[in-house]
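Enquirer: Could you have a look at this structure, given as structure tokens, before my questions?
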Amino acid sequence: MELDETLIVKKRGRYFLLNPELKKLISEDFFYAGAYLGKERRGVFFPSFVLLAMIAERKESNKIIVDDKTEWLFIVGRDVFKRGILQVVGSRRKNAHALVMNKRGECLGFGRILHNLEEGEVKPKVAVKNVSDVGDFLRRERTIEH
Amino acid sequence: MSGKEFFVNRYRKLGWEFKPLKLRQAMRINTCNAKEAEVTRRLESRGVELEPISFVQHGYWICKSPFSVGATAEYLLGYYSIQEAAAQIPAALFTGLEDKMVLDACAAPGGKTVQLADLMHNTGVIFALDIEKRRLTALANHLERCHIENTIAYLMDARSVSHLKIKFDRILLDVPCSGNFATDKQWFQRRTIEDVQRNAELQRQILTEAVRTLRDDGEIVYSTCSLEPEENELNIDWATKHLNVQAEPIVCYGETASTEILGKQLSSSIANCKRIWPTQTQGFFVCKLKKRVDP
Numbered sequence: 035m036e037l038d039e040t041l042i043v044k045k046r047g048r049y050f051l052l053n054p055e056l057k058k059l060i061s062e063d064f065f066y067a068g069a070y071l072g073k074e075r076r077g078v079f080f081p082s083f084v085l086l087a088m089i090a091e092r093k094e095s096n097k098i099i100v101d102d103k104t105e106w107l108f109i110v111g112r113d114v115f116k117r118g119i120l121q122v123v124g125s126r127r128k129n130a131h132a133l134v135m136n137k138r139g140e141c142l143g144f145g146r147i148l149h150n151l152e153e154g155e156v157k158p159k160v161a162v163k164n165v166s167d168v169g170d171f172l173r174r175e176r177t178i179e180h
Numbered sequence: 013m014s015g016k017e018f019f020v021n022r023y024r025k026l027g028w029e030f031k032p033l034k035l036r037q038a039m040r041i042n043t044c045n046a047k048e049a050e051v052t053r054r055l056e057s058r059g060v061e062l063e064p065i066s067f068v069q070h071g072y073w074i075c076k077s078p079f080s081v082g083a084t085a086e087y088l089l090g091y092y093s094i095q096e097a098a099a100q101i102p103a104a105l106f107t108g109l110e111d112k113m114v115l116d117a118c119a120a121p122g123g124k125t126v127q128l129a130d131l132m133h134n135t136g137v138i139f140a141l142d143i144e145k146r147r148l149t150a151l152a153n154h155l156e157r158c159h160i161e162n163t164i165a166y167l168m169d170a171r172s173v174s175h176l177k178i179k180f181d182r183i184l185l186d187v188p189c190s191g192n193f194a195t196d197k198q199w200f201q202r203r204t205i206e207d208v209q210r211n212a213e214l215q216r217q218i219l220t221e222a223v224r225t226l227r228d229d230g231e232i233v234y235s236t237c238s239l240e241p242e243e244n245e246l247n248i249d250w251a252t253k254h255l256n257v258q259a260e261p262i263v264c265y266g267e268t269a270s271t272e273i274l275g276k277q278l279s280s281s282i283a284n285c286k287r288i289w290p291t292q293t294q295g296f297f298v299c300k301l302k303k304r305v306d307p
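Chains as they are written, first to last, in my numbering: chain A, 35 to 180; chain B, 13 to 307.
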């Protein structure tokens, strides 16, 4: 799906991307519809994992590719250590945001680069702060259960 | 009327001898998100033992796993869902789902909704309803996790679906029911026949409303995880007599439903329904209904 503004609807701060058929049928009192893009809270936009996967398909997006152990640590909410990074695509600058991907090109979430990731430079251990990871689905399940 | 002895005697009269069981955990691959062989290979390479379920497509028994299969990257990326084996049957009974207008009237927490969307290849439209906000939130999470794009969810009672003013090609009625002892250890202590009768009445109301919104050539799949005939054979018999629908032959796992239930003779088309007694799966009942066509 392409991000066509005419097909985006907003409900209570949450954004959804519809296809033309859904757009024709949807009524105002829907709870969830189409592809969930993310939510806005206090002026900050929190992208969904669906949106992150769409961004990951774009060549110009910043990506941090991590090894298997780091993949697991990231999806349980941990930050990314420099030693776990296999490749950096795009910006390496401090405070840039980047998608965190595994070796198979799967998007696990995104983070904020804490230090310039220039090659050869000696850096503190934690390189990328975890902002959002797919392990959140499990945390949501537990919240709903309780 | 309640208690284990009461219900076990009932099941005996229905042709089944009670025995305690341990349910097998099962999963289903979301084939729109990943190749089935690749998902199984990845899990098996990490020590998960899987066995294909013989009576459903893309379904696997989880025989053994060194970790929780509900916490893997593959699960979190939406490549598969944890879904009880019998629960994978209803959605697969529809014919020609692609590009259709589909209603999942009692959808949450969304396992069958996701399965429907996968069978539809994310085409057409699914209207997914549930009456409880907390459960609808679980449904929304499930849709997001599995990258479903063709579904609209409403906080809505299934008995009010005609307010949407839409006629549906396919309707899934996986209705609220009394459940069964296989999934609830306290079931025999909790449930009474009055609960069963109350649920049966609710189910008839949902059926009535669903038939009103069904296209003339449409299909309804009705399912419960109850073992009680009031919620199953007797309700379908009622529907065939009062709602101008008939039970269609289906090919799936399970025993042919009986047309004689606790001394009552039912319509012969009830034999087209399927009843599953708990063994490796939970108890289940499923049937397909279509509007009766005048000759």
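Ideal Cβ positions, reconstructed from N, Cα and C, are used throughout, including at glycine.
Cβ closer than 8 Å: which chain B residues qualify as neighbours of I60(A)?
Expert: Ordered by position in chain B, the residues that pass the 8 Å Cβ test against I60(A) are I164.
Enquirer: Note down, in chain order, every chain A residue with its Cβ under 8 Å from the Cβ of H353(B).
Expert: No statement about residue 353(B) is possible, as the shown extent of chain B runs from 13 to 307 and does not include it.
Enquirer: Have a look at L56(A), I119(A), L107(A) and G47(A) and flag the residue whose alpha-carbon is nearest the alpha-carbon of V78(A).
Expert: The shortest C-alpha separation from V78(A) is found at G47(A).
Enquirer: For chain B, is any of its Cβ atoms less than 9 Å away from the one on Y49(A)?
Expert: It does not; no Cβ of chain B falls within 9 Å.
Enquirer: Could you tell me which whole beta strand (DSSP E) segments of length 3 or greater appear in the region 204-273 of chain B?
Expert: Counting whole runs of 3 or more residues, the region 204-273 of chain B contains the beta strand (DSSP E) stretches 226-236 and 257-260.
Enquirer: Please classify K16(B): does DSSP put it in a helix, a strand, or coil?
Expert: Three-state DSSP puts K16(B) in a helix.
Enquirer: Can you list the residues of chain B that L56(A) reaches, using a CB-CB cut of under 8 Å?
Expert: Correct list: V137, N162 and I164.
Enquirer: By a C-beta neighbour count over all protein chains shown, 10 Å radius and 16 as the cutoff for buried, is F79(B) buried or exposed?
Expert: The residue in question, F79(B), is exposed, as its Cβ has fewer than 16 Cβ neighbours within 10 Å.
Enquirer: Tell me the DSSP secondary structure of Y91(B) in three-state form.
Expert: Three-state DSSP puts Y91(B) in coil, outside helix and strand.
Enquirer: Near N256(B), which residues of its chain fall below 7 Å by C-beta distance, leaving aside the five closest residues on each side in sequence?
Expert: For N256(B), where only same-chain residues beyond five positions count, the Cβ hits under 7 Å are K303 and R304.
Enquirer: Once the 5 residues before and after L120(A) are set aside, which same chain residues still bring their CB inside 8 Å of it?
Expert: Here the set comprises I99, V100, D101 and K137.
Enquirer: So does N284(B) have its beta carbon nearer than 8 Å to some heavy atom of the ligand PLP?
Expert: Looking at this structure, you won't find the ligand PLP or any other ligand, since it has none at all.
Enquirer: When you compare the CB of R174(A) with every CB in chain B, is at least one pair closer than 9 Å?
Expert: By this cut-off, R174(A) is an interface position.
Enquirer: Indicate whether the contact test is met: 3 or more Cβ pairs, each with one atom in the region 141-153 of chain B and one in the region 195-210 of chain B, closer than 8 Å.
Expert: Verdict: no, contact absent.
Enquirer: Taking the CB atoms as reference points, tell me whether L86(A) and S166(A) lie closer together than 9 Å.
Expert: Contact: yes.
Enquirer: If you draw a straight line from the C-alpha of L155(B) to the C-alpha of F171(A), how long is it?
Expert: In a straight line, the C-alpha of L155(B) is about 11 Å away from that of F171(A).
Enquirer: On the three-state DSSP scale, how would you describe N153(B)?
Expert: DSSP places N153(B) in helix when its eight states are reduced to three.
Enquirer: Verify the CB distance criterion: does K276(B) have a CB-CB separation below 9 Å to chain A?
Expert: By this cut-off, K276(B) is not an interface position.
Enquirer: Could you list which residues in chain B have their beta carbon closer than 9 Å to that of D63(A), in chain order?
Expert: In chain order: Y166, L167 and M168.
Enquirer: Tell me whether I41(B) is buried or exposed, calling it buried when 16 or more other Cβ atoms sit within 10 Å of its Cβ.
Expert: Per the 10 Å Cβ criterion, buried.
Enquirer: To the nearest angstrom, report how far apart Q201(B) and E240(B) are at their CA atoms.
Expert: Roughly 16 Å between the two C-alpha positions.
Enquirer: Please report the straight-line C-alpha distance between R22(B) and A99(B), rounded to a whole angstrom.
Expert: C-alpha separation (whole angstroms): 24 Å.
Enquirer: Does the region 115-125 of chain B come within contact of the region 152-171 of chain B, defined as at least 3 CB pairs closer than 8 Å?
Expert: Cβ pair count under 8 Å is three or more, so yes.
Enquirer: Could you tell me the distance, in whole angstroms, from the CA atom of G145(A) to the CA atom of H131(A)?
Expert: If you take the alpha carbons of G145(A) and H131(A), they lie about 6 Å apart.
Enquirer: With 9 Å as the threshold, decide whether the Cβ of T149(B) is near any Cβ in chain A.
Expert: For T149(B), the answer is yes, since a Cβ of chain A falls inside 9 Å of its Cβ.
Enquirer: Look up Y49(A) in the DSSP assignment and give the residues it is bridged to.
Expert: Looking at the DSSP assignment, Y49(A) forms a beta bridge with K44(A) and G72(A).
Enquirer: Can you say whether L7(B) is buried or exposed, counting buried as having 16 or more other CB atoms within 10 angstroms of its CB?
Expert: For chain B, the structure presents residues 13 to 307; residue 7(B) sits outside this window and is missing.
Enquirer: So for W28(B), helix, strand or coil by DSSP?
Expert: DSSP places W28(B) in coil when its eight states are reduced to three.
Enquirer: Give the range of the beta strand (DSSP E) segment to which F83(A) is assigned.
Expert: Unbroken run through F83(A) is the alpha helix (DSSP H), F83 to A90; no beta strand (DSSP E).
Enquirer: Taking only the alpha-carbon atoms, compute the straight-line gap between D309(B) and A103(B) and give it to the nearest angstrom.
Expert: The question about residue 309(B) has no answer here: the residues shown for chain B are numbered 13 through 307.
Enquirer: Indicate whether the contact test is met: 3 or more Cβ pairs, each with one atom in the region 258-273 of chain B and one in the region 209-218 of chain B, closer than 8 Å.
Expert: Segments in contact, no.
Enquirer: CB-CB under 7 Å to K159(A), same chain, minus the five flanking residues each way: which ones, in chain order?
Expert: F115 and K116.
Enquirer: What would DSSP say about N96(A), mapped onto helix, strand or coil?
Expert: Here N96(A) sits in coil by DSSP.
Enquirer: Which bits of chain B does I178(A) rub up against, with CB to CB less than 9 Å?
Expert: Near I178(A) (Cβ distances below 9 Å), the residues of chain B are P121, R146, R147, T149, A150 and N153.
Enquirer: Could you tell me the distance, in whole angstroms, from the CA atom of D38(A) to the CA atom of P81(A)?
Expert: Their Cα atoms are separated by approximately 16 Å.
Enquirer: For a contact meaning CB atoms closer than 9 Å, what does A89(B) contact in chain A?
Expert: Sequence inspection shows Leu at residue 89(B); the Ala mentioned does not correspond to that position. Result: F83, A87, E140, C141, L142 and V168.
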